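Participant: Take this structure first; my questions come after.
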Amino acid sequence: MKLALSILTAAAAVNAHFTMQYIWDGLTDEGQNNYIRAPPSNNPVTDVTSTDLTCNVNGLSGANVETLSIPAGTNITFEWHQHAQRTGEDAISAGHKGPVQVYVAKAPSTAASFDGQGAVWTKIYSSGLLDPSTQEWATDVVNANNGKHSVVIPASLPAGEYLLRAEIIALHVAQSYPGAQFYIGCAQVKITSGGSANPPKIALPGAYQGSDPGITVNIYNNLQSYIAPGGAVWSG
Ligand SMILES: *[C@@H]1O[C@H](CO)[C@@H](O)[C@H](O)[C@H]1NC(C)=O
Ligand SMILES: [Cu+2]
């Protein structure tokens, strides 16, 4: 009986997917799915060549999504959940181990009409394997924070409308490709009072390969280091 239960629990954990459901502007909760291109389900993306990698399923347009005005330098918090709730259930299932990253892309005109294709994405945050001795991952911290992680929008980014793309990669079945699960949430913002930086940019899809060591990886063999896909963080 005990064995049967633990097998059931393990199966449930594998299926326990999640979505980005809230953004916080500083200490202000902007409300469920507001300013966010919400996907139709909490299933992950697994094909790194798909345009779903950009902003999740149906994420190439934000025609019905509002755009949040924020000054450059704002501390934005992203909040994820398995279901539409803040009930105290694991925000992201604890079995889902991996890195947490944030990218930004400047829209040529409005964020709502921007499809995010081409070399337009700049990585502004990345956290991965935090402690090899305990095998603590960035996802463990997100879970401990009730689904939240934060990033400060670099003050030197030029003013304009942007997509903010938060990404959690779950590596529990990443021993072969496709296997790694990409959870992606895109928010639409209008950055005011920015600077004049011209940061490095990559394409998503484009920059990730199935063979990347951060995408096809066995995390259950006392992994000592981890390199997240998409290159270095630009610090502003
Ligand atoms: C951003 O806000 C979060 C949540 O309030 C806080 O934990 C974090 O320390 C802040 N980051 C910075 C750099 O101020
Ligand atoms: Cu899942």
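Residues in the sequence shown are numbered consecutively from 1, following UniProt numbering. Think of the CB as a built atom: it goes at the ideal place given N, C-alpha and C, for glycine as much as any other residue. From a predicted model like this one, the values you see are computed outputs, not experimental measurements.
Inspect the beta-carbon positions of D25 and I76 and report whether they are closer than 8 angstroms.
Facilitator: Against a cut-off of 8 angstroms, the Cβ pair of I76 and D25 comes out as a contact.
Participant: Quick one: what's got a C-beta closer than 6 angstroms to G231's C-beta in the same chain, skipping five residues either side?
Facilitator: Cβ neighbours of G231 beyond the five flanking positions: none.
Participant: My understanding is that N34 touches A91, with C-beta atoms under 8 angstroms, so please give their C-beta distance in whole angstroms.
Facilitator: At roughly 18 angstroms, the Cβ-Cβ gap does not stay under 8 angstroms, so N34 and A91 are not in contact.
Participant: What are the partner residues of T101, as DSSP defines its beta bridges?
Facilitator: As written in the sequence, residue 101 is Gln, which differs from the Thr given in the question. Note: Q101 sits in a beta bridge opposite S126, E167.
Participant: Please work out which residues of its chain come closer than 8 angstroms, Cβ to Cβ, to T67, disregarding the five sequence neighbours upstream and downstream, and give them in chain order.
Facilitator: Y35, T110, A111, A112, E161, Q188, V189, K190.
Participant: What is the DSSP secondary structure of D140, counted as helix, strand or coil?
Facilitator: DSSP places D140 in helix when its eight states are reduced to three.
Participant: When you compare the CB positions of C186 and G59, do they come within less than 8 angstroms of one another, or not?
Facilitator: Going by C-beta atoms, C186 is nearer than 8 angstroms to G59.
Participant: Does the pairing of the stretch 196–208 with the stretch 68–88 give three or more beta-carbon distances under 8 angstroms?
Facilitator: Cβ pair count under 8 angstroms is below three, so no.
Participant: Which first and last residues belong to the alpha helix (DSSP H) in which T77 is found?
Facilitator: Note, T77: premise wrong, no alpha helix (DSSP H); beta strand (DSSP E) at 75–81.
Participant: Are there 16 or more other CB atoms within 10 angstroms of the CB of A11, so buried, or fewer, so exposed?
Facilitator: Bear in mind that a pLDDT of 42 at A11, under 50, signals an unreliable position, so the number given afterwards is only what the model happens to contain. The residue in question, A11, is exposed, as its Cβ has fewer than 16 Cβ neighbours within 10 Å.
Participant: With the cut-off set at 8 angstroms, would you say Y125 and F18 are in Cβ contact?
Facilitator: Cβ distance not < 8 angstroms, so Y125 and F18 don't count as in contact.
Participant: Quick one: what's got a C-beta closer than 6 angstroms to I7's C-beta in the same chain, skipping five residues either side?
Facilitator: Confidence is the limiting factor: at I7 the pLDDT is only 44, short of 50, which leaves the residue's position unreliable and the question unanswerable from this model.
Participant: Express the C-alpha separation of P44 and A16 in angstroms, rounding to a whole number.
Facilitator: Roughly 10 angstroms between the two C-alpha positions.
Participant: How about T122 and V100: do their beta carbons lie closer than 8 angstroms?
Facilitator: No; because the gap between Cβ atoms is not below 8 angstroms, this pair is not in contact.
Participant: DSSP three-state call for L53: helix, strand or coil?
Facilitator: The answer is helix: DSSP assigns L53 an H, G or I state.
Participant: Note down, in chain order, each residue of its chain lying with its Cβ closer than 7 angstroms to the Cβ of L171, except the 5 sequence neighbours on either side.
Facilitator: Around L171: K97, G98, A180, V217, I219.
Participant: DSSP three-state label for I7, please.
Facilitator: Legend: pLDDT at I7 = 44, less than 50; position of this residue unreliable, value from coordinates given subsequently. Note: I7 maps to helix in three-state DSSP.
Participant: Tell me the DSSP secondary structure of G214 in three-state form.
Facilitator: In this structure, G214 counts as coil in the three-state DSSP scheme.
Participant: When the Cα atoms are used, what is the spatial distance from P154 to W80?
Facilitator: For P154 and W80, the distance between alpha carbons rounds to 22 angstroms.
Participant: With a Cβ-Cβ cutoff of 8 angstroms, do P39 and V65 count as a contact?
Facilitator: Result no, Cβ atoms of P39 and V65 do not sit closer than 8 angstroms.
Participant: Considering only heavy atoms of ligand 1, does any lie closer than 7 angstroms to the CB of S235?
Facilitator: Because no heavy atom of ligand 1 lies under 7 angstroms away, the Cβ of S235 does not count as near it: no.
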